Each structure stands twice: as C-alpha cells, then as structure tokens.
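Take the sequence shown: its letter number 266 is residue 275 in the working numbering, and every next letter is one higher.
Glycine included, C-beta positions come from ideal geometry on N, C-alpha and C.
Just so you know, these numbers come straight off a predicted model, no measurement behind them.
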Amino acid sequence: MRRVVVVGGGPAGMAAARAVARTGVAVTLVDSAPLLGGQYHRQDALRGNERFVLPAGVEHRRSTVVWALEPVPGGHRVHLRTGPADAPARRGDAIDTAALVLATGAHDRALPFPGWELPGVYTAGAAQALVKGQRVAVGGRVLIAGTGPFLLPVAVSVLRGGAEVVGVHEANDPVRGWLSTPPGVLAGWRKGGELGRYLALLARHRVPYRLRSTVIAAHGDDRVEAVTTVRLDPDWTVVAGTERRIAVDAVCVGFGFTPQLELAVAAGCAVRDGAVLVDAAQATSVLGVFAAGELTGIGGADLAAAEGAVAGAAAALRVGGRAVPPVAALRRVRAGRRFAAALDRVHPVRPGWRGWLRDDTLVCRCEEVGYGELRRALADRDARGVRSLKLVSRAGLGPCQGRVCGPTVAELAGLPGGAAAFARRPVAAPLRLGELADTVSGEDGEDREKE
C-alpha cells in the first residue's frame, strides 16, 4: 500500500498531492468535480489556469466520489464511484492505502428564518457558483446578508453578473473587531488589499454596506418578493422598531462555513467544535489519516494550501517516501491559524439569532419540520440524541441527510457532538441501492488497487 490517496481537489488537496509527488511516492487525487480548484478557484479552473496542472506521478480521479472508508490491516480501503451523479452506471472500484489525506472542504452555513424556504433564497456560495460557473444571474434586485468577508466577493460576483445589489448586510461589526486585533496578526495577510478593492467597487455602484444588520424574514407567494431587515445589538438580538421591508427578487445568505465531516467521522477522527483535530503534521487521531484545509477549521485558501503541503509531506513519509521537511509551509500554517482565530472572533455566529425564529419557521426544509415541532419533540417526547430526534421529528432525514440543517438542529437541541453527530453515517455520499447491492455482492466488477 505504498500509495497516498488524497480526497479533495481544492487548495488543500492540490497542495497535498504536489507535496507527495515531490517525495517520489505515487499519489491518487480523488475529486468529485470534473475540474480541479475546488469552490474557491472555480473561475480560475474554468480558464485553464496553469496552477491546476498536477505534476507527473499524480493520478487524478475526476468526477469521483468517496462513498465509504473501510479499515483494513495497515490502513484503509477507499471505496469510489466514478461518473456523473445522475449517470445510470457509475464505475465502482477501491484503493487500499496506508496514508489517507482528507481535504474535503466546507459548505455554506445558513441560519433559518421565516420564508427561507422560498425560491429565490440562495446560500452565498451557491449564488457565486451560479454566476461564476454557469453565468446565471440569481435575480434582478438582490440583497446579500450574513457575516464574514465572503459576502463581499459574492456581492461583486452578483454585480458582474448583471444584477442590482440593493445592499450588503453584515450582522457583526468587523470594523470595531479588526481595530481591536493585534497588528501582528494581520501582518502579511494578502487578502486585505483584495477586500479593499471589493469595498471600493461596491461604493462605485452605490451599494450600501450595513453593519449589525441582517434579514430576519423573506416574503412572497411563489418566490421571494421582499425581505425584512433589522438592526442588531452586539449579541444579534433584534433592535425593536428597526424593521424595514425591501423589495427584492433574490436574497443570498451566508453565515460562515461548515466543514464537511462525513469521511473524517466515518474514519473515526476526533472532532472538536465542528472541526477535525490534528497535530503539527496534520495527523488526525486515527493512524494513517491526515486532514487539511477547511476540514480542520475555517481559515481560507492560503491556510488550506499550507496545511495541505504539510499533510502531504507527512503522508508520504509514512509510506516510505523521502523526507522533505515543509519548513515554509509550517510557517504559513502558524501565521494562517493566528489570522483564522482572529477572523472567528470578528465574525462569530452569536446566540441572538434564535430570537428570529417563529414556531412555523422551517428548521429542516427537506422534511418541512418547523421550529415548534422540534421544540415539542424535545420537550414532550424526550428526544435526547440524534437518532431519537430524527425518529420523532424527521429533522435530518430528507435528501440532504442533515448536511444543511444538521448543525442548526444540533445547536437548537443542545445535542452532544453538534454537527459531527449528524455527519455520522456509513455511506458518506449519495449512492443508489443497486450500486450498494452490487458492491456488497461483488457483481459490479469492483477493482481493488493495493499499493
């Protein structure tokens, strides 16, 4: 099993694969997308940027999902399915490896509010993906709300897509937050100028950038027609009398990101505060499993790439590759984590958001479970764990399997384990029953590589 398997083709996964290749060890990079780059570099990948050319020795399995990890003597068996998700006959195979690097990234975190199930309500990442990847405008009059610097590039993308952005509503006060941050934390941060350019572009288009403000309701019959915005106090409690109704046909919301934990949890990796725990070499609590990028905590593309380089070097060393100390990458990791911690302090999700909810507010859109139903399940039916809560309320049992609502439901219910509890499942990616049956019976011709 002298081959490293890297899961994820974003900044962390690409850096890990390159680091492994430099040591002379064979490496397979598995990515569900047809192009490298991940969500962050989607547009650059479409343009054929040279940064997305992998070195010799890297096998790129594109359009391939890892649907299960199986412990085997000396490592793990990585079960794969290759082909479009809706293809009738995806090819199945598996690779045995003694060193596995998980770089599965993160997805948008959305907080529920009345009307968020209406067509025209998008996560910020989905809106940007539509504009950058599909050249699709999400609406004519668009409002953007949430917290974090990601709101700014999303607003710029929407503007460039031809829409009018009627406002960017930041729930925190980042100006005050960054002014209280030690100068050393910001030294060398390369994104400061980029964010400044975003703000300048919004100013030229006369887009209001409102602090301590957010959307607490969306209105409409068949789709979004208007939203209600409010001012917030420091803990995100609504300031009475500040409600304002704004006509829009789309709203984009983003309250940070949630690491995609399914494979890490399936492997048995220790998780704390919704992120995988790693040591200085990016090794997890499971021997032979390494993690890098947003999976270990939200910190941006530069930190993800640095962690990927460290993880790749350590993974290669484990399977007998020559030692190539990632000295520069380790320095970037330390600096990046200091900045990521500051970012988390400036843009936290504060507890007052629960006050936006009504009993009929859907917390699980797939199964149409309202906040009132969830509270009754907790109070009347004594649902104390993820399994019992799913059974009595159906929250998290829909097509997304809790990927969207899981962190929110876990927080509202005070469940131990939080988001990681909803990520625990034996099948980590959508799989047809026929594909599963064929895999179990061995009838799908599953090949197995042992290196």
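With respect to R433, V395 sits close: the two C-beta atoms are nearer than 9 Å.
An exposed status is given to S189, since fewer than 16 other beta-carbon atoms sit within 10 Å of its beta-carbon. Here T223 really is in contact with V239; their C-beta atoms are around 7 Å apart, less than 8 Å. The beta-carbon separation of F266 and I307, rounded to 5 Å, stays under the 8 Å limit for a contact. Within the same chain, Cβ atoms closer than 6 Å to the Cβ of A146 are found at G170, G171, A172, the five residues on either side in sequence being excluded.
Going by beta carbons, V87 and A107 fall outside the 9 Å limit. Counting of Cβ neighbours within 10 angstroms places R144 among the exposed residues, the total staying below 16. Per DSSP, T417 is one residue of the alpha helix (DSSP H) stretching across 415 to 422. For F264, the enclosing beta strand (DSSP E) has its first and last residue at 259 to 264.
Residue ranges of uninterrupted beta strand (DSSP E) with 3 or more members, entirely inside the segment 130 to 214 and ordered along the chain, are 130 to 132, 150 to 156, 173 to 179. Looking at the DSSP output, A77 shares a beta bridge with H88. Rounded to whole angstroms, the Cβ separation of G92 and G47 is 20 Å, and the two are not in contact under 8 Å. Straight-line spacing of the CA atoms in N181 and D353 works out to 11 Å.
Only exposed fits V184, as fewer than 16 other CB atoms lie within 10 angstroms of its CB. The segment 114 to 121 makes contact with the segment 264 to 283; the number of CB pairs closer than 8 Å reaches 3 or more.
Taking a C-beta distance under 9 Å as the contact criterion, A323 and L109 do not qualify as a contact pair.
Secondary-structure assignment with DSSP links F299 through a beta bridge to V110, A292. Residue environment for V39: buried (at least 16 other C-beta atoms within 10 angstroms of its C-beta). Looking at the DSSP output, Y218 bridges to V177.
Spanning the alpha carbons of V75 and A235 requires a straight line of approximately 40 Å.
With a cut-off of 8 Å on Cβ pairs, the segment 201 to 209 is in contact with the segment 151 to 171, counting three or more such pairs. Within the segment 346 to 421, the complete alpha helix (DSSP H) segments at least 4 residues long are 380 to 389, 395 to 402, listed from N- to C-terminus. Inter-segment contact for the segment 150 to 157 and the segment 271 to 287 is absent: fewer than three beta-carbon pairs are separated by less than 8 Å. Considering only P408, V140, R221, G129, the residue with the shortest C-alpha distance to A256 is G129.
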